[in-house]
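>
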């Protein structure tokens, strides 16, 4: 039996085995034995208290982690870093250890929203890195932070240029364009009309947009003609 650290013992005390069984089916690429089974709100509450400890300062420098929830805890700690340069360095240091969509898809760090111009060159590098979860994270940041007042037509063009055989990259591309259709319809509908995306991403984008409550009924009718 592998000896657990004090932190791991605390995390196992929050375990919900039923949730572990359910959640493990959503991440078939992760060994079930690496999943403790902690609901996200419970882990967030733990992270909030844990972030104030000296142990947290040491933990964020200890990589790799054994458990999925340790990776999620790590990401939660990163998103709470207030200094932009420090936060950026920590997320880039953590990229090689992200091995699933859930850890990858945490919301952007608050400090990123105050440095959108500075962050863009890094996002551009992430998207062309060829590394599955680095690419996914970069596209996710464009989706969350640059589809409203900071939108520019070159951003969907960047995403459309990503060619990948990775399911989790292609799903994020579809998610990006489905969200963009809700927010920037006139600027992105041509990607579907002119079939600029791969056939799989094209179909998945339409599916996700039709399922979205943010896309108008009229636009959904039109999207069905583009399948």
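Numbering (this note's numbering), first residue to last: 158 to 384.
The beta-carbon is built from N, C-alpha and C at its ideal position, and this holds for glycine as well.
So residue 383 packs on residue 350, CB below 8 Å; how close in whole Å?
Between residue 350 and residue 383 the Cβ distance is about 7 Å, and since that is below 8 Å, they are a contact.
> Whole angstroms is fine: what's the gap from residue 268's alpha carbon to residue 301's?
Taking the straight line from one Cα to the other gives about 14 Å.
> Along the chain, where does the alpha helix (DSSP H) that runs through residue 224 open and close?
Careful: residue 224 lies outside any alpha helix (DSSP H) and carries neither H nor E.
> If you reduce the DSSP assignment to three classes, tell me which class residue 218 lands in.
Residue state, collapsed to three classes: coil.
> Go ahead and pull the three-state DSSP assignment for residue 280.
Helix at residue 280.
> Starting from the Cα of residue 364, find the closest Cα among 341, 345, 335, 354 and give me that residue.
Answer by Cα proximity: 335.
> Would you list, in sequence order, the uninterrupted alpha helix (DSSP H) runs of no fewer than 4 residues that lie entirely inside the stretch 161–211?
Qualifying alpha helix (DSSP H) stretches, in chain order: 163–169, 174–183, 197–207.
> Express the C-alpha separation of residue 345 and residue 232 in angstroms, rounding to a whole number.
If you take the alpha carbons of residue 232 and residue 345, they lie about 31 Å apart.
> Secondary structure at residue 377, three-state DSSP: helix, strand or coil?
Looking at residue 377 - three-state DSSP - the assignment turns out to be helix.
> Measure the C-alpha to C-alpha separation of residue 219 and residue 339 and round it to an integer number of angstroms.
Taking the straight line from one Cα to the other gives about 40 Å.
> Going along the chain, which residues of its own chain have a beta-carbon closer than 7 Å to the beta-carbon of residue 299, five neighbours each way excluded?
Counting only Cβ-Cβ distances below 7 Å, and skipping sequence neighbours, we find 280, 312, 316, 333.
> Indicate whether residue 337 and residue 304 have their beta-carbon atoms separated by less than 8 Å.
Yes, the pair counts as a contact, with Cβ atoms nearer than the cut-off.
> What is the DSSP secondary structure of residue 346, counted as helix, strand or coil?
Here residue 346 sits in coil by DSSP.
> Looking only at its chain, what residues have a beta carbon closer than 7 Å to the beta carbon of residue 180, apart from the 5 residues adjacent to it on each side?
Excluding positions up to five away in sequence, the list reads 192, 194.
> Give the DSSP-derived three-state secondary structure of residue 383 in the structure shown.
Residue state, collapsed to three classes: coil.
> Are the beta-carbon atoms belonging to residue 173 and residue 201 less than 8 Å from one another?
Their beta carbons are not under 8 Å apart, which means residue 173 does not touch residue 201 by this criterion.
> If you reduce the DSSP assignment to three classes, tell me which class residue 372 lands in.
DSSP places residue 372 in coil when its eight states are reduced to three.
> Could you name the residues of the same chain whose beta carbon sits closer than 7 Å to that of residue 283, not counting the 5 residues immediately before and after it, in chain order?
So the list reads 291, 292, 294, 295, once near-sequence residues are dropped.
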